[in-house]
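Visitor:
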Amino acid sequence: MDGFNLRHLALAVALSTSMGTAFAADSNDFVDDATAGGIAEVETSKLALEKSSSADVKAFANMMITDHSKANDELAALAKKHDIEVPDTTTLVKQAKEKILDWRDESFDNAYANNQVKAHEEAIERFKKEANTVTDDKTKGATELKAFAQKMLPALEKHLGMAKKLQAAHPDK
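Letter by letter, the sequence shown follows residues -24 to -1, 1 to 149 in mature numbering (1 follows the signal peptide of the UniProt record, and there is no 0).
Printed below as a string of structure tokens:
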């Protein structure tokens, strides 16, 4: 899509750690939020492929699954490099699926588009905060996590723009 570089992916499933010193206190919040957000992106997009009959929604959902899965892999490699424990995703997948149940009162396409706009706005805020964090180079993995957040921001912003177009194309009826 318009030269979209998959190496500059939006959102990622970040990884939490049981080691309190692995990242600065603010980074733990970022890691936990990004983990939940990344898993929710993949799960809601899988559902969009099943439930939607709109070609634009399905195309966007396929892109989200591809991009977020690739970002998840990249961050998993970063975690492995720094011996950061990867959280059990089963609970996060279950939470994402439960959240989707809140969409029952809206048309699916509208609910999905609204969710994508909100999720990307929140992710951009989190990733900007992490990207602008002053890190201590001695803090395990913090510098690389900051660089990862900085690298992801352009794609996050591109996804937000696309999600807003999707939202405009599928207004609440």
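Idealized CB from N, CA, C, for every residue including glycine.
Let me confirm a value: T119 is counted as buried when at least 16 other C-beta atoms fall within 10 Å, else exposed. Which label applies?
Guide: T119 comes out exposed.
Visitor: Under the three-state reduction of DSSP, which class applies to S45: helix, strand or coil?
Guide: If DSSP states are grouped into helix, strand and coil, S45 belongs with the helices.
Visitor: At what residues does the alpha helix (DSSP H) containing G137 begin and finish?
Guide: Start and end: 118 to 145.
Visitor: Determine contact between the stretch 122 to 131 and the stretch 98 to 108, defined as no fewer than three beta-carbon pairs at a distance below 8 Å.
Guide: The stretch 122 to 131, when compared against the stretch 98 to 108, does touch it at the 8 Å Cβ threshold.
Visitor: Classify V110 as buried or exposed, calling it buried when 16 or more other Cβ atoms lie within 10 Å of its own Cβ.
Guide: Exposed: under 16 other Cβ atoms inside 10 Å.
Visitor: Rounding to the nearest angstrom, what Cα-Cα distance links D43 and E50 in this structure?
Guide: Roughly 11 Å separates the two Cα atoms.
Visitor: For L25, is the classification buried or exposed, using 16 other Cβ atoms within 10 angstroms of its Cβ as the cut-off for buried?
Guide: It counts as exposed.
Visitor: Which residues in the same chain have their Cβ closer than 6 Å to the Cβ of A89, if we skip the five residues on either side of it in sequence?
Guide: Excluding residues within five positions, the ones whose Cβ falls inside 6 Å are L142, Q143, H146.
Visitor: Considering just the uninterrupted stretch of the alpha helix (DSSP H) at V69, what are its terminal residues?
Guide: Note, V69: alpha helix (DSSP H), 65 to 76.
Visitor: Nearest-angstrom Cα distance between N9 and A95?
Guide: Reading off the sequence shown, one finds Asp at residue 9, where the question assumed Asn. Looking at the two C-alpha atoms, the distance is approximately 11 Å.
Visitor: Does any CB atom of chain D fall closer than 9 Å to the CB of G14?
Guide: No chain D is part of this structure, which consists of one protein chain only.
Visitor: Between S30, S29, N38, which lies nearest to E19 when the distance is taken from Cα to Cα?
Guide: It is N38.
Visitor: In or out: E17 buried (at least 16 other Cβ within 10 Å) or exposed?
Guide: Its Cβ being crowded by 16 or more others within 10 Å, E17 is buried.
Visitor: Could you spell out where the alpha helix (DSSP H) holding K104 opens and where it closes?
Guide: K104 -> alpha helix (DSSP H) spans 84 to 107.
Visitor: Is the beta carbon of K34 less than 9 Å from the beta carbon of S28?
Guide: Closer than 9 Å, so yes.
Visitor: Quick one: grab the DSSP three-state call for K149.
Guide: Reduced to three states, the DSSP call for K149 is coil.
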